[in-house]
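**Q**
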Amino acid sequence: MQAAKMVITGPFSSGKTEFIGAVSEIDVVSTERKITSSAEQIKETTTVAMDFGRITVGDDLVLYLFGTPGQRRFDFMWDILSQGMLGFVVMVDSTKPETFREAKRILETFEGYASTPYVVAANKQDMEDAWEPEDLRIILRLRPEVKILPCVATDKETVKNVLLELLYSILEELDKEESAQHN
Amino acid sequence: MALKGNLRDFSTTQLLNLINLARKTGTLTIQSNGEVANMSFQEGKLIYAHLGAERENYLAQFLHNAGKLSKEQADIIETRVQGKSDKQIGRLLIQAGHVTQSDIIQSVRQNILNVVYKLFTWVEGLFRFEANQLPPPTLITIPIDLESVIMEGSRRLQEWEILQEELPDLDVSLRFTERPDARLRNINLTVEEWKVISLIDPRNSMRKIAQANNLSDFEIRRIIYGMLQAGLVTLVQQPAKPRQQPIQAGESPRRKRAKAAPPTESLATRRSMVERIMDRIRGL
Numbered sequence: 003m004q005a006a007k008m009v010i011t012g013p014f015s016s017g018k019t020e021f022i023g024a025v026s027e028i029d030v031v032s033t034e035r036k037i038t039s040s041a042e043q044i045k046e047t048t049t050v051a052m053d054f055g056r057i058t059v060g061d062d063l064v065l066y067l068f069g070t071p072g073q074r075r076f077d078f079m080w081d082i083l084s085q086g087m088l089g090f091v092v093m094v095d096s097t098k099p100e101t102f103r104e105a106k107r108i109l110e111t112f113e114g115y116a117s118t119p120y121v122v123a124a125n126k127q128d129m130e131d132a133w134e135p136e137d138l139r140i141i142l143r144l145r146p147e148v149k150i151l152p153c154v155a156t157d158k159e160t161v162k163n164v165l166l167e168l169l170y171s172i173l174e175e176l177d178k179e180e181s182a183q184h185n
Numbered sequence: 281m282a283l284k285g286n287l288r289d290f291s292t293t294q295l296l297n298l299i300n301l302a303r304k305t306g307t308l309t310i311q312s313n314g315e316v317a318n319m320s321f322q323e324g325k326l327i328y329a330h331l332g333a334e335r336e337n338y339l340a341q342f343l344h345n346a347g348k349l350s351k352e353q354a355d356i357i358e359t360r361v362q363g364k365s366d367k368q369i370g371r372l373l374i375q376a377g378h379v380t381q382s383d384i385i386q387s388v389r390q391n392i393l394n395v396v397y398k399l400f401t402w403v404e405g406l407f408r409f410e411a412n413q414l415p416p417p418t419l420i421t422i423p424i425d426l427e428s429v430i431m432e433g434s435r436r437l438q439e440w441e442i443l444q445e446e447l448p449d450l451d452v453s454l455r456f457t458e459r460p461d462a463r464l465r466n467i468n469l470t471v472e473e474w475k476v477i478s479l480i481d482p483r484n485s486m487r488k489i490a491q492a493n494n495l496s497d498f499e500i501r502r503i504i505y506g507m508l509q510a511g512l513v514t515l516v517q518q519p520a521k522p523r524q525q526p527i528q529a530g531e532s533p534r535r536k537r538a539k540a541a542p543p544t545e546s547l548a549t550r551r552s553m554v555e556r557i558m559d560r561i562r563g564l
């Protein structure tokens, strides 16, 4: 059985668990615990280890989706999770500008781990206070070739679109590798 | 959609850069420490800025601030021209020979810039950008390229950056210098400096002192830097906290990337795998 891996990362409470849950064929396996830090008590539980979702592609191929823990004190796990990934998605809560700097930090950290393609999902675009994806592009200083995609993590279609756009980016990367080999 | 947040998360520089790059039209309002500032933009150009309470007209004050009118002249004009707009006042002053059109343009421009440069030093405050909301047509607006404003504002921020460079880690604590010299005898401290002094203790980090006194990172750095320069306090070197090995200066991201597991499959195999995953996701 061949296994492919994608990592869903982003700041605390950016919607990673919901994102994986929207497309995973199994209930998302997550290790959630009561939140003890007062600074983080905007929801009752949070992912302290990682989320884990699965999409069976065929008898011989399965795609695993790994969600990273959002809190900074667990960032030692990011390196481990990023090993061997096809690509990664950076989730950003478009309604929480106070988390954009953290999103940028996470994005840069993952860029350092592996030269795999990634996309940015501008989550919660159904909310009134959501920043527009193109404004987020400027704030996050994304290069023009990096896709920033509108997303509602609880809406399966937008989640599918984010994953497909990431896969298109991976194909483009393979094209580049192929032409480099021929030259 | 809304463009709002806190200056804690986005500096004025970043906001102006966003407005410039996105060629936005509208008004940015920032509220901080009881002050309200408004900056208006058209197609990414700064056209107006105002700090403080809304007034009927501003021109006489602007001209006084720029040295074109005396305080008495400005006061007289303000009392005599109630109900008139800045544009009307400007025309009257030009006709009366008090100022030239160039004086007015320069004064308004200088006032706009003074307001914006002040905002560069604001480190906290709620901001909100209202698209397509512009100042009333009775006010005099001057289009100013944001690039030069951002550059000058950034230069003025150097003081802040120097402080951050001198005191990068707010988790370091302080103690009184062990050999205070004669310079300390005549030192004058502000109320805020006294509040900081009262908490100097090797057990208190600068961050804790700042929190206890409701001081921003900039303010605590400025106060501590002054005390360090005066020889009043010294930094307490703490044992290094266990932390993840940072990327060292000069270590390229590519080097780090080499640690990632190299793909073992051929390009064709990987392509086939990606295409199969795409088909599967489309079918979900």
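Chains D and A supply the protein sequences, listed in that same order.
3 is the number of the first residue of the first sequence in this note's numbering; add one for each residue after it.
281 is the number of the first residue of the second sequence in this note's numbering; add one for each residue after it.
Cβ coordinates follow ideal geometry from the N, Cα and C atoms, glycine included.
1) Can you round the beta-carbon distance between residue 407 of chain A and residue 285 of chain A to whole angstroms, since I take them to be within the 8 Å contact cut?
2) Which of the three DSSP states, helix, strand or coil, is assigned to residue 87 of chain D?
3) Residue 133 of chain D: buried (16+ other C-beta within 10 angstroms of its C-beta) or exposed?
4) Three or more beta-carbon pairs under 8 Å between the region 480-489 of chain A and the region 447-455 of chain A, yes or no?
5) Taking 8 Å as the CB-CB limit, is residue 103 of chain D close to chain E?
6) Sort out for me which residues DSSP pairs residue 330 of chain A with in a bridge.
7) Can you tell me which of D:14, D:8 and D:118 puts its alpha carbon nearest to the alpha carbon of residue 25 of chain D?
8) With distances taken from CA atoms, which of D:185, D:135, D:54 and D:125 is nearest residue 15 of chain D?
9) Could you please tell me which residues of the region 421-441 of chain A, in chain order, have their CB closer than 7 Å to any CB of chain D?
10) If residue 164 of chain D sits next to residue 151 of chain D, beta carbons under 8 Å apart, how far is it from one beta carbon to the other, in whole angstroms?
11) Whether or not the region 425-432 of chain A and the region 491-507 of chain A are in contact is what I'm after, with contact meaning three or more pairs of Cβ atoms, one per stretch, closer than 8 Å; do they touch?
12) Among A:455, A:401 and A:510, which residue has its Cα nearest to the Cα of residue 496 of chain A?
13) So, are the CB atoms of residue 68 of chain D and residue 83 of chain D less than 8 Å apart?
14) Any beta carbon of chain A sitting closer than 8 Å to that of residue 60 of chain D?
15) In angstroms with no decimal places, state the Cα-to-Cα distance between residue 327 of chain A and residue 395 of chain A.
16) Between the region 545-558 of chain A and the region 173-181 of chain D, are three or more C-beta pairs nearer than 8 Å?
17) Please report the straight-line C-alpha distance between residue 103 of chain D and residue 353 of chain A, rounded to a whole angstrom.
18) Is it right to say residue 382 of chain A is buried, meaning 16 or more other beta carbons lie within 10 angstroms of its own, or is it exposed?
19) Anything in the region 174-185 of chain D with a Cβ closer than 9 Å to a Cβ of chain A? List those residues in chain order, please.
20) What are the boundary residues of the alpha helix (DSSP H) that residue 558 of chain A is part of?
21) Which residues, in chain order, does the region 283-296 of chain A contribute to contact with chain D at a C-beta distance below 8 Å?
22) For the beta strand (DSSP E) containing residue 125 of chain D, list its first residue and its last residue.
23) How is residue 614 of chain A classed by DSSP in three states: helix, strand or coil?
**A** From the atom records:
1) The count along the second sequence starts at 1 and reaches residue 407 of chain A at position 127. The count along the second sequence starts at 1 and reaches residue 285 of chain A at position 5. Confirmed, Cβ separation roughly 6 Å.
2) Along the first sequence, read from residue 1 onward, the residue named residue 87 of chain D stands at position 85. In the structure shown, residue 87 of chain D sits in coil (DSSP, three-state: anything other than H, G, I, E or B).
3) Taking the first sequence and counting its residues from 1, one reaches residue 133 of chain D at position 131. Answer is buried; the Cβ neighbour count reaches 16.
4) Counting C-beta pairs closer than 8 Å gives three or more between the region 480-489 of chain A and the region 447-455 of chain A, which meets the contact rule.
5) In the displayed structure, chain E is absent; the protein chains listed are D and A.
6) Within the second sequence, numbered from 1, the residue matching residue 330 of chain A stands at position 50. Answer is A:318, bridged to residue 330 of chain A.
7) To locate residue 25 of chain D, count along the first sequence from 1; it is residue 23. Nearest option by C-alpha distance: D:8.
8) The count along the first sequence starts at 1 and reaches residue 15 of chain D at position 13. Answer by Cα proximity: D:125.
9) Sequence-ordered contacts of the region 421-441 of chain A with chain D are nonexistent [C-beta pairs closer than 7 Å].
10) Residue mapping note: residue 164 of chain D aligns to position 162 of the first sequence, counting from 1. Residue mapping note: residue 151 of chain D aligns to position 149 of the first sequence, counting from 1. The beta carbons of residue 164 of chain D and residue 151 of chain D sit about 5 Å from each other, so the pair counts as a contact at 8 Å.
11) Contact between the region 491-507 of chain A and the region 425-432 of chain A is absent, because fewer than three Cβ pairs lie under 8 Å.
12) Reading the second sequence from its first residue, position 216 is the one you call residue 496 of chain A. It is A:401.
13) The residue you call residue 68 of chain D lines up with position 66 of the first sequence. The residue you call residue 83 of chain D lines up with position 81 of the first sequence. Taking 8 Å as the cut-off, the beta carbon of residue 68 of chain D is found closer than this to the beta carbon of residue 83 of chain D.
14) Position 58 of the first sequence, counted from the start, is the residue given in the question as residue 60 of chain D. Chain A, which has a Cβ nearer than 8 Å to the Cβ of residue 60 of chain D, makes this yes.
15) The sequence position of residue 327 of chain A within the second sequence is 47, counting from 1. The sequence position of residue 395 of chain A within the second sequence is 115, counting from 1. One C-alpha to the other measures close to 12 Å.
16) Cβ pair count under 8 Å is three or more, so yes.
17) The count along the first sequence starts at 1 and reaches residue 103 of chain D at position 101. The count along the second sequence starts at 1 and reaches residue 353 of chain A at position 73. Whole-angstrom Cα-Cα distance: 49 Å.
18) Locating residue 382 of chain A in the second sequence gives position 102, counting from the first residue. Around the beta-carbon of residue 382 of chain A, fewer than 16 other beta-carbon atoms lie within 10 Å, marking it exposed.
19) Contact residues of the region 174-185 of chain D toward chain A are 176, 177, 179, 180 and 183 (C-beta to C-beta distance below 9 Å).
20) Your numbering for residue 558 of chain A matches position 278 in the second sequence. Under the DSSP assignment, residue 558 of chain A falls in the alpha helix (DSSP H) whose first and last residues are 547-562.
21) Within the region 283-296 of chain A, contact with chain D at the beta-carbon level (separation under 8 Å) is assigned to 283, 284, 285, 286, 288, 289, 290 and 294.
22) To locate residue 125 of chain D, count along the first sequence from 1; it is residue 123. Segment 120-125, the beta strand (DSSP E) holding residue 125 of chain D.
23) Here chain A comprises residues numbered 281 to 564, so residue 614 of chain A is not present and cannot be evaluated.
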